[in-house]
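Novice: Per this note's numbering, the sequence shown runs over residues 8 to 55.
Note that the Cβ used here is the ideal one computed from N, Cα and C, for glycine as well.
These numbers were taken from a predicted model, which means no experiment stands behind them.
Quick one: the structure is below, questions incoming.
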Amino acid sequence: HEQFKNLGQADFDKMFKSGRNEEKVLVDIKGLLSRKEYEKAGYKYWRL
Numbered sequence: 008h009e010q011f012k013n014l015g016q017a018d019f020d021k022m023f024k025s026g027r028n029e030e031k032v033l034v035d036i037k038g039l040l041s042r043k044e045y046e047k048a049g050y051k052y053w054r055l
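Now the structure itself:
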């Protein structure tokens, strides 16, 4: 999980490709990320 602590939104954006289904779904298992920040950026955010 350490490698994900240092990633920002721009890094996660690069993991998604554009196309017919441009929906970005982010599952934050450890609750490390800001829900508000990612939802504001258009992500479908889910955490345990």
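1) With DSSP collapsed to three states, give me the class of LYS12.
2) Between the Cα of LYS47 and those of GLN16, LYS12, GLY26 and LYS37, spot the shortest distance and give me the residue it belongs to.
3) Tell whether a beta-carbon distance below 8 Å holds between LYS51 and LYS21.
4) Can you grab the Cα-Cα spacing for the pair LEU33 / ARG54, in whole Å?
5) Which of the three DSSP states, helix, strand or coil, is assigned to ARG27?
Specialist: If we stick to the structure as given:
1) Looking at LYS12 - three-state DSSP - the assignment turns out to be helix.
2) Per the Cα distances, GLN16.
3) With a cutoff of 8 Å on beta-carbon distance, LYS51 and LYS21 are scored as not near each other.
4) LEU33 and ARG54 have their C-alpha atoms some 8 Å from each other.
5) Note: ARG27 maps to coil in three-state DSSP.
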